[in-house]
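Residue 544 in the UniProt record's numbering sits at position 544 of the sequence shown, with consecutive numbering throughout.
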Amino acid sequence: MMMRSLFKITKHGKRSIMTSATLNSRVNLKDTLKLPTTTFPIRSSLTPASAKELLEKCTDDLYKWQWENLPKDNTFVFHDGPPFANGALHTGHAMNKILKDIIVRYNIKLGKRVSYIPGWDCHGLPIELKALQNIRGTTEDVSLMSPAEAIEKNKDLHATEIRGLARKLAAETIEMQKAGFRSWGVIGDWENAYRTMDLEYEVRQLRVFKEMTKKGLIYRHFKPVYWSPSSRTALAEAELEYNEAHNSKAATIKFPLANLGSYLSSLPNIDKTISAAIWTTTPWSIPGNLAILVNPDLKYVVVNSSKHGQLLAGEERVEHLQKLMDEELEVIIKDIPGKALLDVTYNHPLFPSTASPHPVLPADYVTSDTGTGLVHCAPGHGMEDYLTCQKHNIQPFSPIDDAGNYTSDALSTYDLTGLPVLSAGQDKLLSLLSDHNVLLGCQPKFLHKYPYDWRTKLPIIQRATPQWFAGVEMIKESAIAEIEKIQFVPEAGQHRLHAYVSSRDEWCISRQRTWGVPIPALYEVESGDALLTEDSVEHIISVIEKKGTDAWWSDPDSEEWVAPQYRDKKYKRGTETMDVWFDSGTSWTLVREKLGEREGRALVDIYLEGSDQHRGWFQSSLLTCVASTGKAPYEKVVTHGFVLDEKGKKMSKSLGNIISPQEIIDGSYWQRAGQMAKAAQKPEKAKKQKAEKKPKAVAESSQSAKKEQSPDIDTLRLWVAMTDFTADGTIGEKVLRFAQEALRKYRMTGRFLLGNLGDWDGKEVSYNELLKIDQYALYRLAELNQSSKLEYDTLAFSKIFHSTNVFNKVFLSAFYLNILKDRLYVDDGISRASAQTTLFYILKHYLNILSPIVPLLTEEIWSHSTQAITQNMDQPVKSQWVEPPAEWYSDAAKELGRKFQSFDSCVEAVNLVVEDARNAKSLRANLEADIILVVPEGGESQKFLKEIESELTAILLCSKVHVFTSQPTDLDEGAWSYSKPFTLLQEDGTVFAVPAKGQKCPRCWMYTSRSEVEACDRCAGVVERLGSCTATA
């Protein structure tokens, strides 16, 4: 065996010759490798206590730090839309709060002093109903009691008792929800969170009300509003949801004409007993009928019925009328102009014969698309009817009480009093119509879209009642002008908000419930007239500031609540409360009070809520702020979609598809998912499934869920980030598994980086001294950094997840980190220092990009970093956004990037030829091959390969690389060879894999040694230098 000499340093500082035999006998080659070393574990080993400590560092401590240390003149104001304080947290809450948190954290990284004060919406019907339901005592009773039952059974409770119960429930729910939000890593000024039930908030709200009163924007009208019999209160449009599968009883009814008018009277063959045929889906509203509507521009006909005589109907609706009546009808008079019917009157079919006849009125919204072409008009039960009748001085009539039952005013000659209009009352009314032979036809199940109370999930009615309104019409133009200035994400949000505001003329702000901010109106005892003036409201506010809003209900009637200038009359306080959208819609006043105005800017940078808030909080905030200040409260409006299950279905208890954020965090979800999967399997598959190995992420989750584990907060947060929030998102086992696996890969990359920086001395190699492949890695890192910053700026978090995931899996794990191992474990000198410098930069930018999304993971990585790392890098959650140096993405860097990206074809070809050799059993490992690259002489590809020649063996994971401009003539002399074509920089080339010429080095395993027991030249030199360092030390 050929002997080779190596030098080592003796204790006397003299050189002696060390042969390979001496090397092998006196040096353990494994001990000379620079293997990774880190305390950062593969799986989180945080105890709940240490996890809590880490959570505090990157939440409460961070918020306090940024508020105290970042500049006051560079602010970012994120105003929290208050969730209702009335239930358990769900994944919709998680989507909302974590999106907000990512934005807040990113703006801290931009060096902005962030204000984020969380809040809660505490008033309103849902909380009041739940408080009333809870009076029954047991949870079982609560679930069985409907809202209507709760209201009815507790109708004798004093208002202050109800308010006390509701306040207690809201306060308890807030603490529960607050703990949940904080456990998700959401930062904010939690100690100063706002609640709409706090006195200072209520006073600010009342001052907005006063300002609107001063401007004449608040007024009282008797007109139809959406009314919920189940909740016994008026509702705003935003409090409705529409049931697409509602069944109504539709009726076709004849109304006998009283005075035929000049045109009909002049027609031959006209019968004086002729009736108008109308069709309605709300026959319960017939007692409130005061007119019939026709379209002046439509044509009408007279038809003859063998059962009902002559009938007046729309010309284009005869065929439909025949179907409704189930009878062939004979048209006896055609082409009657609608405008010729406007002097006709008719008798109500159920009114006494002595009652005055009603008019036929024009209305252009009457069409020939549905019904009979004539419309039953009840101004007390529909806004269009109301507005039409107002033009003719016909006042609304609505003989229905708060519970949705007929009053004694409803067809007083018949016994309808107390009957529910949507059920028994309507049935009796239809019987009466039939008994009087005026019911032409009835559809017992007419399927159509119908409004429901969004809280009780029961149908509503329209009913005329005296209510307080805010006049939107007067500020609409200004509000729309402000909408044009606002940025919307997604852009379609602007159209939605514009449409809602444009179509709204007024806002019903009064509610007939107890738990809320009182409408500060007084009513004269003698006349019942309302007193609502700027002076009166200001006086009432001054009393409330001293006594609180409960006193509005608890105090006896006294002059204390009446402004001095009005005390010549006796007044009593009203009992109505404000719409909760007015409550939350004035939350911008908190920002103005705490932070003041911002010159030339809106009060708030961003409002972010679910897509349903265009008609809710976004709109109410805009209207109240424009009404008070003339400006919108926000500069940007962001909306997210709803969270559905993996099949795209809405989550509900009945479907059993609800996933709570807490069970994701504590790991219990994986146990439940496993149990559900097992229960869904057929018995014969159960054993097979048990024997199958679980996917790694799920298996780890299932095992860790069985024991106490650290909270899995970042999986929940990563799920939010990976979801395109601009549309409806999904959640379930598959998507959570994907998030957990991505998180595991992030963790493993962090471990690799820390492990290979374990002995780094903190000295960075200058960019120009870095190896070309390392410069390319930094170019790719700069691309990731810049794209991530752009995506953070545009709130495209799902794109950040995608790009970091691809960078992590495809570039780092599958390529770059893999080809570094030889340089990191085996090399020394500039090669290893260049690699470690690059790894440090990757770690720095990696934590920088990920920290707003997965702050606990990045902080845990930071906590396991060496002093050399932490001295050269700021704490991730506190660091400013790390910008890449310009040289990383200079023109030269881009050119290098272009060349390396083209080189991917060569790398792929090498992998293929090695795979061919492995499949043919010509080799077992890549390093058993030498690679020959044949490229055109003098071309760009040859020049590039020459430029990176010394790096090729590491990049291509082989023992040696030879570059030729023509195919070697001795290829056939080897034991085997395999080839593949490739394209490099638009030039065709060929790669050959041939047997490595050398022997396997016992240290680096490359086939570059002279013998199997002798270290290769590179390793020998490294070992020698290590010996020198040891001796010197």
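Note that beta-carbon positions come from the ideal geometry of N, C-alpha and C, so glycine has one too.
These numbers come from a predicted model, not from an experiment.
Worksheet item: Is it right to say residue 1034 is buried, meaning 16 or more other beta carbons lie within 10 angstroms of its own, or is it exposed?
Response: Any property of residue 1034 remains undetermined from this structure, which presents the chain solely from 1 to 1033.
Worksheet item: Are arginine 1018 and valine 826 touching if we call contact CB-CB under 9 Å?
Response: yes
Worksheet item: Would DSSP call serine 305 helix, strand or coil?
Response: strand
Discussion item. How far does the beta strand (DSSP E) with threonine 104 in it extend, from its first residue to its last?
Written reply: First, the amino acid is wrong: residue 104 is valine here, not threonine. Premise fails: valine 104 lies in the alpha helix (DSSP H), 91 to 109, not in any beta strand (DSSP E).
Worksheet entry | Option nearest phenylalanine 488 by Cα separation, candidates Leu342, Gly610 and Ser863 | Gly610
Worksheet item: Got a sec, what are the start and stop residues for the alpha helix (DSSP H) proline 855 sits in?
Response: 855 to 863
Worksheet item: When burial is assigned at 16 or more other CB atoms within 10 Å of the CB, is histidine 123 buried or exposed?
Response: buried
Worksheet item: Just the Cα atoms here: how many angstroms apart are threonine 465 and serine 620?
Response: 23 Å
Worksheet item: How long is the line joining the alpha carbons of histidine 358 and histidine 308, rounded to whole angstroms?
Response: 21 Å
Item to complete: List in chain order: all unbroken beta strand (DSSP E) runs of 3+ residues lying wholly within the segment 573 to 642.
Response: 604 to 610 and 634 to 640
Worksheet item: Which word fits residue 1061, buried or exposed, when buried means at least 16 other C-beta atoms lie within 10 angstroms of its C-beta?
Response: In the structure as shown, the chain begins at 1 and stops at 1033. Residue 1061 is therefore absent and cannot be evaluated.
Worksheet entry | Secondary structure of phenylalanine 900, DSSP reduced to three states | helix
Practice prompt. Let me know the secondary structure DSSP gives aspartate 60 once reduced to three states.
Written response: helix
Item to complete: Reducing DSSP to helix, strand and coil, say where lysine 30 ends up.
Response: helix
Worksheet item: Mapping DSSP to helix, strand and coil, what is asparagine 393?
Response: coil
Worksheet item: Is tyrosine 406 helix, strand or coil by DSSP?
Response: strand
Fill in: Nearest-angstrom Cα separation, counted from aspartate 728 out to threonine 138
Interpretation of threonine 138 is limited by its pLDDT of 43, a score under 50 that renders its predicted location unreliable; no figure is taken from the coordinates.
Fill in: Under 9 Å between C-beta atoms of serine 922 and proline 995
yes
Worksheet item: How should glutamate 473 be labelled, buried or exposed, when 16 other C-beta atoms within 10 angstroms of its C-beta is the threshold for buried?
Response: exposed
Worksheet item: Among residues of its own chain, excluding the 5 on either side of isoleucine 849, which ones have a beta-carbon nearer than 8 Å to its beta-carbon?
Response: Leu784, Asn785, Ser788, Ile800 and Thr804
Item to complete: State yes or no: is the C-beta of alanine 954 within less than 9 Å of the C-beta of aspartate 759?
Response: no
Worksheet item: Mapping DSSP to helix, strand and coil, what is asparagine 818?
Response: helix
Discussion item. In whole angstroms, give me the CA-to-CA distance for glycine 261 and glycine 441.
Written reply: 27 Å
Discussion item. Taking 7 Å as the limit between beta carbons, can you name the residues of its chain near leucine 754, skipping five residues before and five after?
Written reply: Thr38, Phe40, Ile861, His864 and Ser865
Fill in: Outcome for leucine 971 when other beta-carbon atoms lying within 10 angstroms are tallied against a minimum of 16
exposed
Worksheet item: Short check: CB of tryptophan 515 to CB of alanine 782, under 9 Å?
Response: no
Fill in: Spatial distance of glycine 600 from lysine 299 (CA atoms)
58 Å
Practice prompt. Using the DSSP secondary-structure output, state which residues sit across from leucine 984 in a beta bridge.
Written response: Glu987
Worksheet item: tyrosine 346 and isoleucine 292 look like a contact to me (Cβ under 8 Å); what is the Cβ gap, rounded to whole Å?
Response: 6 Å
Item to complete: Just mark glutamine 390 as buried or exposed, buried being the case when its beta carbon has 16 or more other beta carbons within 10 Å.
Response: exposed
Item to complete: With DSSP as the reference, label serine 905 as helix, strand or coil.
Response: helix
Worksheet entry | Closest Cα partner of serine 510 within the set Asp198, Asp427, His221 and Leu770 | His221
Item to complete: Would you give the residue range spanned by the beta strand (DSSP E) that phenylalanine 811 belongs to?
Response: No beta strand (DSSP E) holds phenylalanine 811; DSSP gives it neither H nor E.
Fill in: Inter-residue Cα distance where the pair is alanine 697 and alanine 193
Because alanine 697 carries a pLDDT of 49, less than 50, the predicted location of this residue cannot be relied on, and the following value inherits that uncertainty. Computed Cα separation, rounded: 37 Å.
Discussion item. On a Cα-Cα basis, can you pick out the residue from Thr367, Thr549, Val637 and Ala313 that is closest to aspartate 80?
Written reply: Val637
Fill in: Sequence-distant residues of the same chain with beta carbon closer than 8 Å to serine 536, five excluded per side
Pro520, Leu522, Val562, Ala563 and Tyr566
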